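**Q** What follows is a structure written as structure tokens; I'll ask about it next.
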Amino acid sequence: MNPENDFGIFSVSVLYRNPDTEYRKTPICRTLILTESINGEITADTELLWLTFANLDPSEEFGKEVWDADTLGNRNKIEAMQLELNEVKEELKQYKEELKNTKEENKELRAELAHQKQLNACKCMTSKDTKMEEYQNKQQQNQEENKKLNNLMEEMKLKQQQDQKETNDKIGWLNEDQQKLVSIDQFSQVQTAISDLEHKQKNDQETLMRLKSVQSMALTLRIIRRQISLWGSNNRLRMLMNN
Numbered sequence: 630m631n632p633e634n635d636f637g638i639f640s641v642s643v644l645y646r647n648p649d650t651e652y653r654k655t656p657i658c659r660t661l662i663l664t665e666s667i668n669g670e671i672t673a674d675t676e677l678l679w680l681t682f683a684n685l686d687p688s689e690e691f692g693k694e695v696w697d698a699d700t701l702g703n704r705n706k707i708e709a710m711q712l713e714l715n716e717v718k719e720e721l722k723q724y725k726e727e728l729k730n731t732k733e734e735n736k737e738l739r740a741e742l743a744h745q746k747q748l749n750a751c752k753c754m755t756s757k758d759t760k761m762e763e764y765q766n767k768q769q770q771n772q773e774e775n776k777k778l779n780n781l782m783e784e785m786k787l788k789q790q791q792d793q794k795e796t797n798d799k800i801g802w803l804n805e806d807q808q809k810l811v812s813i814d815q816f817s818q819v820q821t822a823i824s825d826l827e828h829k830q831k832n833d834q835e836t837l838m839r840l841k842s843v844q845s846m847a848l849t850l851r852i853i854r855r856q857i858s859l860w861g862s863n864n865r866l867r868m869l870m871n872n
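Using my numbering, the first residue of the sequence shown is number 630, and each one after it goes up by one.
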């Protein structure tokens, strides 16, 4: 092999099966082999090989047929591998596309979730603001109602004071009228009362005189009884002394 170029001359051997022997290598021809390969391995130039096989002698046809079969099988394998590789590439492409779509969907979902969180926060703030506004309105209504109630109580108090004043005035007028009526009848009533009092005093004096008379009589009776008792005692004493 010449290191200065990309080609070299190698012996080409093929495997064939003999019914009486095992597989073995048989040299067929010498041809130019392309020494470059993708993986760093030696590969043959197919066109050169086919030209070489075309120039083979009839005695070398058997080796050519074996080589053709081997090459065709390799081609089929390569095509199958290529198809499989294409399928893998297609699946990988689809996977990348699905991954891209999934990322887009995740991005949309995250954006939607952030938007929903923002909406929920806004709703929460709106609900708090609404409750606060309702509380403030209710408190203001209570203050207004308390103010109205205080005004009403003040009005009722003033009215009560006015009614009390009117009532007191009426009572004063009635007292004046009554005093006028009393002044008219007062003399006769006083005279009647004095007359009744004098009559009562007279009756009391008469009753007192009768009581004094009764007391005098009772006292006299007690004195008489005492004297009788003493006289009897003296008589019994005398009788005892005489005996």
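Glycine included, C-beta positions come from ideal geometry on N, C-alpha and C. Bear in mind the structure is a predicted one, so any value in this text is a computation, not a measurement.
What is the rounded straight-line gap between the Cα of Asn-735 and the Cα of Gln-768?
**A** So the alpha carbons of these two residues sit roughly 48 Å apart.
**Q** Compute the Euclidean distance between the alpha carbons of Leu-738 and Thr-731, then round it to the nearest angstrom.
**A** Distance between the alpha carbons of Leu-738 and Thr-731: 10 Å.
**Q** At the level of alpha carbons, what is the spacing between Leu-728 and Leu-712?
**A** Near 24 Å, if we compare the C-alpha coordinates of Leu-712 and Leu-728.
**Q** Rounded to the nearest angstrom, what separates Leu-848 and Gln-818 at their Cα positions?
**A** So the alpha carbons of these two residues sit roughly 44 Å apart.
**Q** When the Cα atoms are used, what is the spatial distance from Asn-749 to Glu-741?
**A** Cα-Cα distance, rounded: 12 Å.
**Q** Consider the C-beta atom of Val-717 and the heavy atoms of the ligand NAP; say whether any pair is separated by less than 7 Å.
**A** Ligands are entirely absent from the displayed structure, and the ligand NAP is therefore not among its contents.
**Q** Ignoring anything shorter than 3 residues or poking outside the stretch 708–792, list the beta strand (DSSP E) runs there in chain order.
**A** For the stretch 708–792, not a single whole beta strand (DSSP E) run of length 3 or above is found.
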